[in-house]
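Numbering-wise (full-length UniProt numbering), the sequence shown opens with residue 1 and increments by one.
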Amino acid sequence: MSCGDAKLNFPAPHFDEVALMPNGTFKKIDLASYKGKWVVLFFYPLDFTFVCPTEICQFSDRIKDFTDINCEVIACSMDSEYSHLD
């Protein structure tokens, strides 16, 4: 899917991938496990770049606002799950 193919208010395609969880553990996640919730898939290029640290911090600072409305935020990058440990 190219950027031009993104569709708002349509179901996202299925995915499953290993993720670094907030508690520091790795877990395989898939979109189906979030059924019944709103999901924000937040894409950014790479960790430790100057491209979007302010946006990432804003999501982090407001995570309770999202969870209060039954919404999960999933950040996605091209990095391996291990790069997020630094």
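By construction, the Cβ of each residue, glycine as well, lies at the ideal position given by its N, Cα and C atoms.
Could you tell me whether any non-hydrogen atom of the ligand NAD is closer than 7 Å to the CB of residue i?
{"i": "proline 13", "result": "No copy of the ligand NAD appears in this structure; indeed no ligand is present at all."}
Would you mind giving the Cβ-Cβ distance between residue i and residue j, rounded to the nearest angstrom? I have them listed as a contact below 8 Å.
{"i": "cysteine 76", "j": "phenylalanine 42", "result": "7 Å"}
With DSSP as the reference, label residue i as helix, strand or coil.
{"i": "lysine 28", "result": "strand"}
{"i": "asparagine 23", "result": "coil"}
{"i": "leucine 10", "result": "The sequence given here places phenylalanine at residue 10; leucine does not occur at that position. It is coil, neither helix nor strand."}
{"i": "isoleucine 63", "result": "helix"}
{"i": "isoleucine 56", "result": "helix"}
Pull up the DSSP beta-bridge partners for residue i, would you.
{"i": "phenylalanine 42", "result": "Ala75"}
{"i": "aspartate 16", "result": "Asp30"}
Tell me which same chain residues have a C-beta within less than 6 Å of the C-beta of residue i, skipping the five on either side of it?
{"i": "threonine 49", "result": "none"}
{"i": "valine 40", "result": "Val73"}
Looking only at its chain, what residues have a beta carbon closer than 8 Å to the beta carbon of residue i, apart from the 5 residues adjacent to it on each side?
{"i": "isoleucine 69", "result": "Trp38"}
{"i": "methionine 21", "result": "Lys27"}
{"i": "phenylalanine 10", "result": "none"}
Can you find the residues in the same chain that come closer than 7 Å, C-beta to C-beta, to residue i, ignoring five residues on each side of it along the sequence?
{"i": "tyrosine 34", "result": "Glu72"}
Item checked: the segment 55-62 touching the segment 22-29, judged by at least three CB pairs closer than 8 Å -> no
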